[in-house]
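Notes follow the structure.
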Amino acid sequence: MENRTVAEWLTNFADYLDATDANPYRARAYRRAAETMLQLDRPVSHIVDSDGRKGLEELPGIGSHLSYTIDTLVRTGEFRTMNSEGGHVDCERLFASLPGIGPQLARKIREELGLQTLEELEQAAHEGRLAGLKVGPKRLRGIMDALAGRLRRRRMPEPVRGEPPVADLLTVDQEYRDLAEKGGLPTLAPRRFNPQHQPWLPLLQGKRGGWYYRAEYSNSALAHRLGQTRDWVVISFDDGVVSGQRTVVTETRGSLRGQRVVRGREVECQVHYQLSVISNQ
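Written as structure tokens, this is what we have:
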């Protein structure tokens, strides 16, 4: 089962919780777990096969209840929880939470069309399959509008694409800081904040995994003001098609405190560190 499919199931269940006025923190936990699934750099099925629920619980935001749900989903294709719902996700109640769909129609959608998720329902509506359940044009338009609004509001985040993996950025960051500390890099004389024109800024250039990198300490006004000119590392990257820049810093708060993180890609960094712990066990 693909990571995105697992994420869709988790997000659908969060919608179900919202529709039944459940604890909002619980719905938020399922959405956070969905985001973690999208940010994994390997199939979640591999984690389940190699480390089981223990491996899942090493991931950000995945506790014992969520690990049970994900493990069962990956192994059996069935979505089950350890909470009071028991058994399968009540997709009928999820469908019935939409305007224009009552309990009877929701049951027909599940039994006669075999649908379980909002995405499947939206596809069926666009293909005209709800007409076979005696859903008229006006009612169908209302259902389609409600589906579009629900799915648009909860649109899942996409993993960062078109950039180097965070593992490579963190490796370049480590290499740069190690060499800079040893004095093993050429130095530049930056124009800003350097009235004596001294060549103090170490520079690392190289290639890794098809990307050309340039790494240097941040010489920004903010870095100087906060005293971070020997901590913040600016990494520029280019593969001939895509180019960009990220800053790597030492996190000062939260669960990643003390760790090196790529700004803007913190969730991926958390997953990276958690997987590193698993692989070293």
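Each residue of the sequence shown is one higher than the one before, counting from 0 in numbering that gives the first Met the number 0. Glycine included, each C-beta is placed from N, C-alpha and C at the ideal position. For clarity, every value in this text was computed on a predicted model and none was experimentally measured.
| query | result |
| --- | --- |
| Which one or two residues does DSSP pair with Leu-202 in a beta bridge? | Glu-215 |
| Can you say whether Val-232 is buried or exposed, counting buried as having 16 or more other CB atoms within 10 angstroms of its CB? | buried |
| Just grab the DSSP bridge partners of Phe-192 for me. | For Phe-192, which the question treats as bridged, DSSP gives no partner whatsoever. |
| Within the chosen definition, does the region 129-141 reach the region 222-239 through at least 3 CB pairs nearer than 8 Å? | no |
| Could you tell me the alpha carbon to alpha carbon distance between Arg-38 and Glu-77, rounded to whole angstroms? | Going by the sequence as given, residue 38 is Gln instead of Arg. Distance between the alpha carbons of Gln-38 and Glu-77 is about 22 Å. |
| In whole angstroms, what is the alpha-carbon distance linking Tyr-67 and His-45? | 16 Å |
| Evaluate Asp-14 with the Cβ neighbour count: other Cβ atoms within 10 Å of its Cβ, from every protein chain shown; 16 or more gives buried, anything less gives exposed. | buried |
| Tell me, please, whether the region 169-178 touches the region 259-279 by the rule of three or more beta-carbon pairs shorter than 8 Å. | yes |
| Answer yes or no: do Ala-33 and Val-5 have a C-beta to C-beta separation smaller than 9 Å? | yes |
| How many Å lie between Val-47 and Met-81 at the Cα? | 18 Å |
| Alpha carbons only, please: which of Gly-239, Gln-173, Leu-104 is nearest the one belonging to Val-260? | Gln-173 |
| Does DSSP classify Phe-12 as helix, strand or coil? | helix |
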